[in-house]
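Novice: The opening position of the sequence shown corresponds to residue 1 in the numbering used here, with each subsequent residue numbered one higher.
Structure provided below as structure tokens; questions to follow.
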Amino acid sequence: MVGSCTLCEPELAQIGSQACAGHLASSVYFSTIETEVNQQFVTSYRQRFGHEALPSADAEASYNTVHLLALALAGADSVDIDRVKTALHKASFQAPREGFMSILRVTTVI
């Protein structure tokens, strides 16, 4: 038995089902999440990268990042970095993984 929090669906598919028997995988994203938004994401991904392609956690994170940036640019109505950063903290959307994606303002005190 192998436990992993770094292997994701595309890698497990390449390894093969027989070799993966008994593996436990933990991830922030799986393409099998049953939401309408995720189904649309997987369909679009496969149209772009091939019918058998499996989006990884990295693919979903990249999608989320670009989507948030696009929302911030639209909300700022400018490419001025301060306006974009302000708009970024107001951006939110339904992500392929369950729940809403937004930027949290984090303050670190040392």
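Glycine included, each C-beta is placed from N, C-alpha and C at the ideal position.
DSSP on residue 100, reduced to helix/strand/coil?
Specialist: As a first step, residue 100 is located in the sequence shown; it is residue number 100 there, counting from the start. It is a strand residue.
Novice: Any chance you could list the alpha helix (DSSP H) runs of at least 4 consecutive residues sitting entirely within the region 23-54, in chain order?
Specialist: Inside the region 23-54, DSSP marks whole alpha helix (DSSP H) runs of 4 or more residues at positions 36-49, from first to last along the chain.
Novice: Give every residue of the same chain whose Cβ lies closer than 7 Å to the Cβ of residue 87, excluding the five residues on either side of it in the sequence, and list them in chain order.
Specialist: As a first step, residue 87 must be located in the sequence shown, where it is residue number 87. Once the five neighbours on either side are set aside, the close Cβ partners of residue 87 are 72, 75 and 76.
Novice: Tell me the rounded alpha-carbon separation between residue 25 and residue 11.
Specialist: Locating residue 25 in the sequence shown gives position 25, counting from the first residue. Locating residue 11 in the sequence shown gives position 11, counting from the first residue. Computed Cα separation, rounded: 11 Å.
Novice: Give every residue of the same chain whose Cβ lies closer than 8 Å to the Cβ of residue 101, excluding the five residues on either side of it in the sequence, and list them in chain order.
Specialist: Indexing the sequence shown from 1 puts residue 101 at position 101. Excluding residues within five positions, the ones whose Cβ falls inside 8 Å are 64, 67, 68, 92, 93, 94 and 95.
Novice: Mind checking who residue 92 pairs with in its DSSP beta bridge?
Specialist: Residue numbering aside, residue 92 sits at position 92 when the sequence shown is read from its first letter. Answer by DSSP bridge pairing, in chain order: 102.
Novice: Would you kindly work out how many angstroms separate the C-alpha atoms of residue 55 and residue 85, rounded to a whole number?
Specialist: Sequence index remark: in the sequence shown, residue 55 carries index 55 (1-based). Sequence index remark: in the sequence shown, residue 85 carries index 85 (1-based). Their Cα atoms are separated by approximately 28 Å.
Novice: Over what stretch of residues does the alpha helix (DSSP H) that includes residue 20 continue unbroken?
Specialist: Position 20 of the sequence shown, counted from the first residue, corresponds to residue 20. Element bounds for residue 20: 17-20.
Novice: From the DSSP output, in three-state form, read off residue 71 for me.
Specialist: Here residue 71 corresponds to residue number 71 of the sequence shown, with the count starting at 1. Residue 71: helix per DSSP, three-state reduction.
Novice: So for residue 82, helix, strand or coil by DSSP?
Specialist: Here residue 82 corresponds to residue number 82 of the sequence shown, with the count starting at 1. Helix, per DSSP.
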